[in-house]
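Participant: Sharing a structure with you now.
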Amino acid sequence: MISEKIPTSVDKFKAISSDNISVQESDDPGDRIVTLNMGPSHPATHGVLRLVLSIDGEVITEVVPHIGYLHTGMEKLGEYMSYHQFIPITDRMDYLAPMLMNLGYILGVEKLLGITDEIPARAQWLRVLYSELMRISSHLIWLGTSAIDLGAMSPIFYALQDREQIMNIFEETCGARLTSTYFRIGGLREDIPDTVIPMIEKFLKDFAIRLDEYQNLVTGNPILINRLKGIGCLSKETALSYCCSGPVLRASGVNYDVRKARPYSGYEKFKFNIPVYQEGDSYARFLVRMDEMRESATIVRQAIDAIPAGPVKIDRTDIILPDKHRTQGNMEELINHFILSCRGFNAPVGEVFSTIESSKGEFGVYLVSTGGEKPYRLRVHSPSFLNLSVLPAISRGSLIADIVAIIGSLDIVLGEIDR
Amino acid sequence: MGLIDFSKLKSETRTFAGKPVNVTIGPRFNKMGVPAKVVFSLKSLMEGMWLTLSYLLSPSTVVTKEYPENRLTLKFPERYRATLRLTNDENGFFKCTGCKMCERACPNLSIKVITRKGPVSDKMELDRYIWRQDSCTFCNSCVQVCPFKALNMTHDFENAVYDRRLLIYCLNRYAGPAAGILAAQDEETRKKMMEPRQPYGGNVPMNGYQLPYLKALPGKPADPAQGSNK
Ligand code: SF4
Ligand code: SF4
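Line by line, the protein sequences give chains A and B.
Residues 1003 to 1421, numbered by our numbering, are exactly what the first sequence covers, in order.
Residues 8 to 237, numbered by our numbering, are exactly what the second sequence covers, in order.
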């Protein structure tokens, strides 16, 4: 009797490999390259970024970022909405710094309307105050998440705790933590409540202590220095040719900050330094942001010490909704109110480009108006997009583990890249 | 940070798998000898540990909020933006006149104001005020533009439901004219003018449409989110 064994997959494999199929090292060196997909949903890509890595062993030879997974068509949406209606949508671009996105957009529209100089001093001052708080909050999230990417667990808890105080300040001011929609074309939505100044004071007091703690916990940590130093080196020339901006550019030794180069919203009245580092590696980018938080805190300090009195809205009821009590007593203002709410204001014909320094870099808005209440074309110049474009250039030759550190140090937000 | 000595970047071409790749190289953190490195690493490790320990030891720094347990004592900022409501006057009548300004101002069409010709007054009045919470962005534009202060945003934020259709509400509890007109009437006429409306009654779920595979919801499901509005 022949006992026939049912062949298992191992037997099959043995049968095949004992045949004349022999596994040979390929002569073509290109065959050693393996393509690895990282993302689109990967905790270290900070959103829905997909990277196609070509690796030779552990070394990266090519990176191709694939973007567009978060595309929401915001630029196009802006062409179908009145100028005021688009403000809530801008919150969703860089969702870690929504007030800065609001500011970038409204400054563009104000430039188009030619009312940049008429904005009341108090409104401008508060815009600076909230922009800087927003910048600190955005950098805190960066600090926490990039530390987590490098394996440090505790910094994010401290960072979120500090950020929570800022979020509470925003909640007190405008009723929402992230989707603030606080700045308006021609001023602010409403004045700040009295309760918010003590909250900012308390935050500044706590944050000064915290900054020193971060110095001990993160900045001086040898593991972190080992992971970041010499990784993702970006030379000055490359940074400029890729049109990088913000901390990425300043870490490569270029002293360029829109707040100093082309001051907007009254930044020229504040004293602050622009941290610049020459090394261009991930650690330099890290240090730039850490120093920037310190500088932002001093701007907030200066801002709350001398808030000018006065209105927070421009005196033009055809551009911004006036306070409710004014509308109800005055026929002309009521008519303006109806027109403004139903149709929006008519912008003059023209095109403008205006930029601000957002927490990620130079954020710009290009508006083309052919008259009417909607822009003909709205284009967003997004700093994260340009900073990400430099990724292939700086990560060739580094290890797979390093690319996580590099993405963390570039500080990208996918909502703004894909918008 | 005096221990680290930065030097210039250098650029070179390395060969990976037969292909030349341009690589930029910076200084690594290896300028120190091993004993110095060990001392430095241990020192900063202890510093970090001490920091976390000091937070553990001082309970005054605890920031955790016991959310579902502290529900009754939750404090909201005055301007907090959550569920949209029609404001009522002291008699419980809404102030909305059905002018549809909020509908036009809403950036994402979350509001639909349906008006009707009043059976008694023969004037335009509110029939249904439909609010799609599922698409609302809580931007507050509708509240800002309402010329009659007929809208406000309450602090109810716990709106989770199991069916998305349940997020489409009819905000008014009766169809009829605004508070000012109602207050001037006697009891009898007032009753004739007001017609009851349910949060989910009528065509409200699915914004008034019934899809071939999805029926409009029946009647009035029990919904605690509706409790705060009269
Ligand atoms: S809060 Fe904004 S999105 Fe929501 S209904 Fe009002 S206008 Fe529309
Ligand atoms: S809520 Fe206000 S804006 Fe909207 S229809 Fe009623 S009265 Fe008009």
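The beta-carbon is built from N, C-alpha and C at its ideal position, and this holds for glycine as well.
Predicted model, so just to flag it, every value in this text is computed and none were measured.
#1: Is it buried or exposed, TYR216(B), if we count other Cβ atoms within 10 angstroms and call 16 or more buried?
#2: At least one CB of chain B closer than 7 Å to the CB of GLN1217(A): is that the case?
#3: Cβ of PHE164(B) within 6 Å of any heavy atom in ligand 1?
#4: Please classify THR1167(A) as buried or exposed, where buried requires at least 16 neighbouring CB atoms within 10 angstroms.
#5: Using a threshold of 6 Å, is the CB atom of PHE1437(A) nearer than that to any non-hydrogen atom of ligand 1?
#6: Here's the rule: buried if 16 or more other CB atoms are within 10 angstroms of the residue's CB, otherwise exposed. What is PRO27(B)?
#7: Report yes or no: do the region 1242-1249 of chain A and the region 1386-1399 of chain A share at least 3 C-beta pairs separated by less than 8 Å?
#8: Bridge partners for GLY1352(A) per DSSP, in chain order?
#9: Which two residues bound the contiguous alpha helix (DSSP H) that contains TYR1097(A)?
#10: Pull up the DSSP beta-bridge partners for THR1357(A), would you.
#11: Relative to the C-alpha of SER1084(A), which candidate in TYR1184(A), LEU1055(A), LEU1416(A), ILE1322(A) has its C-alpha closest?
#12: Measure from the alpha carbon of LEU1055(A) to the alpha carbon of each residue in ASN1039(A), SER1384(A), ASP1293(A), ILE1069(A), then state which is nearest.
#13: From what residue to what residue does the alpha helix (DSSP H) around VAL1130(A) run?
#14: Who are the near neighbours of PRO1249(A) in its chain, counting only those whose CB is closer than 6 Å to its CB and skipping five residues on each side?
#15: In whole angstroms, give me the CA-to-CA distance for THR196(B) and GLY183(B).
#16: Please decide whether SER1267(A) counts as near chain B, where near means a Cβ-Cβ distance under 7 Å.
#17: Give the secondary structure of CYS1344(A) by DSSP, where H, G and I count as helix, E and B as strand, and everything else as coil.
#18: Starting from the beta carbon of MET1201(A), find every residue of chain B whose beta carbon is closer than 7 Å, and list them in chain order.
#19: Do CYS1235(A) and GLY1282(A) have their C-beta atoms closer together than 7 Å?
#20: Quick check: is any heavy atom of ligand 1 less than 6 Å from the C-beta of PHE145(B)?
#21: Against chain B, does ALA1161(A) count as a neighbour if the rule is that its beta carbon must be under 7 Å from one of theirs?
#22: Under the rule that 16 or more other beta-carbon atoms within 10 Å means buried, what is VAL1382(A), buried or exposed?
#23: Can you give the beta carbon distance from TRP1144(A) to ASP1413(A), rounded, assuming they're within the 8 Å contact cut?
#24: Just verifying my parser: in three-state terms, what is the DSSP assignment at VAL1269(A)?
#25: DSSP on SER1156(A), reduced to helix/strand/coil?
#26: Can you name, in chain order, every residue of its own chain whose Cβ lies under 7 Å from the Cβ of VAL1302(A), other than the five neighbours on each side?
#27: By Cβ distance, which residues of its chain are closer than 7 Å to GLY1352(A), with the 5 residues on each side in sequence left out?
#28: Quick check on DSSP: helix, strand or coil for GLY1080(A)?
#29: Chain A partners of GLU54(B), CB-CB under 9 Å?
#30: Which residues mark the beginning and the end of the alpha helix (DSSP H) in which ILE1035(A) is found?
#31: Could you tell me whether the Cβ atoms of GLY1189(A) and ILE1316(A) are closer together than 7 Å?
#32: State yes or no: is the C-beta of ALA1178(A) within less than 7 Å of the C-beta of ARG88(B)?
#33: In this structure, how does DSSP classify GLU202(B) when only helix, strand and coil are distinguished?
#34: Taking C-beta pairs closer than 7 Å, name the residues in chain A that PHE145(B) reaches, listed in chain order.
#35: List, in chain order, every chain B residue whose beta-carbon is nearer than 7 Å to that of ILE1091(A).
#36: Which same chain residues, not among the five before or five after ASN236(B), have their C-beta less than 6 Å away from its C-beta?
Facilitator: Put simply:
#1: The residue labelled residue 216(B) in the question sits at position 209 within the second sequence. Reliability of the predicted coordinates at TYR216(B) is poor, the pLDDT of 47 falling under 50, and the value obtained from them is presented with this limitation in mind. Counting Cβ neighbours within 10 Å, TYR216(B) comes out exposed, since fewer than 16 surround it.
#2: Counted from its first residue, the first sequence places residue 1217(A) at position 215. False, the Cβ-Cβ gap to chain B never drops below 7 Å.
#3: Residue mapping note: residue 164(B) aligns to position 157 of the second sequence, counting from 1. No, ligand 1 has no heavy atom inside 6 Å of this Cβ.
#4: Residue mapping note: residue 1167(A) aligns to position 165 of the first sequence, counting from 1. According to the sequence as given, residue 1167(A) is Gln; it is not Thr. When all chains shown are included, GLN1167(A) counts as buried.
#5: In the structure as shown, chain A starts at 1003 and stops at 1421, and residue 1437(A) therefore has no counterpart that could be examined.
#6: Here residue 27(B) corresponds to residue number 20 of the second sequence, with the count starting at 1. So PRO27(B) ends up on the exposed side.
#7: yes
#8: As a position in the first sequence, residue 1352(A) is number 350, starting the count at 1. Bridge partners of GLY1352(A): SER1371(A).
#9: The residue given as residue 1097(A) occupies position 95 in the first sequence. Where TYR1097(A) is concerned, there is no enclosing alpha helix (DSSP H), given that its DSSP letter is neither H nor E.
#10: As a working note, residue 1357(A) is residue 355 in the first sequence. THR1357(A) is bridged to GLY1366(A).
#11: Walking along the first sequence from the start, residue 1084(A) turns up at place 82. Nearest option by C-alpha distance: ILE1322(A).
#12: Your numbering for residue 1055(A) matches position 53 in the first sequence. Cα-wise, what sits closest to LEU1055(A) is ASN1039(A).
#13: For the purposes of this step, residue 1130(A) is identified with residue 128 of the first sequence, where counting begins at 1. From DSSP, the alpha helix (DSSP H) with VAL1130(A) extends over 1123-1151.
#14: Reading the first sequence from its first residue, position 247 is the one you call residue 1249(A). Around PRO1249(A): ARG1287, VAL1290, ARG1291.
#15: For the purposes of this step, residue 196(B) is taken as the residue at position 189 of the second sequence. For the purposes of this step, residue 183(B) is taken as the residue at position 176 of the second sequence. Rounded to whole angstroms, THR196(B) to GLY183(B) spans 11 Å at the Cα level.
#16: As a first step, residue 1267(A) is located in the first sequence; it is residue number 265 there, counting from the start. Chain B contact via Cβ: absent.
#17: Looking up residue 1344(A) in the first sequence gives position 342. Helix.
#18: Mapped onto the first sequence, residue 1201(A) falls at position 199. Within 7 Å Cβ-Cβ: nothing; MET1201(A) doesn't reach chain B, min ~10 Å.
#19: Against the first sequence, residue 1235(A) aligns to sequence position 233. Against the first sequence, residue 1282(A) aligns to sequence position 280. Yes.
#20: To locate residue 145(B), count along the second sequence from 1; it is residue 138. Yes, the beta carbon of PHE145(B) sits closer than 6 Å to at least one heavy atom of ligand 1.
#21: For the purposes of this step, residue 1161(A) is identified with residue 159 of the first sequence, where counting begins at 1. With 7 Å as the cut-off, ALA1161(A) does not count as an interface residue toward chain B.
#22: Within the first sequence, numbered from 1, the residue matching residue 1382(A) stands at position 380. VAL1382(A) should be labelled buried.
#23: Within the first sequence, the letter at position 142 stands for residue 1144(A). Within the first sequence, the letter at position 411 stands for residue 1413(A). The pair is a contact, with the Cβ atoms about 5 Å apart (cut-off 8 Å).
#24: As a first step, residue 1269(A) is located in the first sequence; it is residue number 267 there, counting from the start. According to the sequence displayed, residue 1269(A) carries Tyr and not Val. TYR1269(A): helix per DSSP, three-state reduction.
#25: Residue 1156(A) sits at position 154 when you count from the first residue of the first sequence. Looking at SER1156(A) - three-state DSSP - the assignment turns out to be helix.
#26: On the first sequence, residue 1302(A) is found 300 positions in, with the first residue counted as 1. Cβ within range, chain order: LEU1131, GLU1134, LEU1135, ILE1202, LEU1206.
#27: Here residue 1352(A) corresponds to residue number 350 of the first sequence, with the count starting at 1. Only LEU1114, SER1371 meet the Cβ criterion.
#28: Sequence index remark: in the first sequence, residue 1080(A) carries index 78 (1-based). The answer is helix: DSSP assigns GLY1080(A) an H, G or I state.
#29: In the second sequence, counting from the first residue as 1, residue 54(B) sits at position 47. Within 9 Å Cβ-Cβ: ASN1218, LEU1219, GLY1222, ASN1223.
#30: Locating residue 1035(A) in the first sequence gives position 33, counting from the first residue. Premise fails: ILE1035(A) lies in the beta strand (DSSP E), 1035-1040, not in any alpha helix (DSSP H).
#31: Counting from 1 along the first sequence, the entry for residue 1189(A) is found at position 187. Counting from 1 along the first sequence, the entry for residue 1316(A) is found at position 314. Yes, the pair counts as a contact, with Cβ atoms nearer than the cut-off.
#32: Position 176 of the first sequence, counted from the first residue, corresponds to residue 1178(A). Position 81 of the second sequence, counted from the first residue, corresponds to residue 88(B). Taking 7 Å as the Cβ cut-off, ALA1178(A) and ARG88(B) qualify as a contacting pair.
#33: Working through the second sequence from its first residue, we reach residue 202(B) at position 195. Three-state result, GLU202(B): strand.
#34: The residue given as residue 145(B) occupies position 138 in the second sequence. Per Cβ cutoff of 7 Å: ALA1178, THR1181.
#35: Reading the first sequence from its first residue, position 89 is the one you call residue 1091(A). Result: PRO114.
#36: Translated into the one-based positions of the second sequence, residue 236(B) becomes position 229. With a pLDDT of 35 at ASN236(B), under the threshold of 50, the modelled position of this residue cannot be trusted; read the value that follows with caution. These residues qualify, in order along the chain: ARG92.
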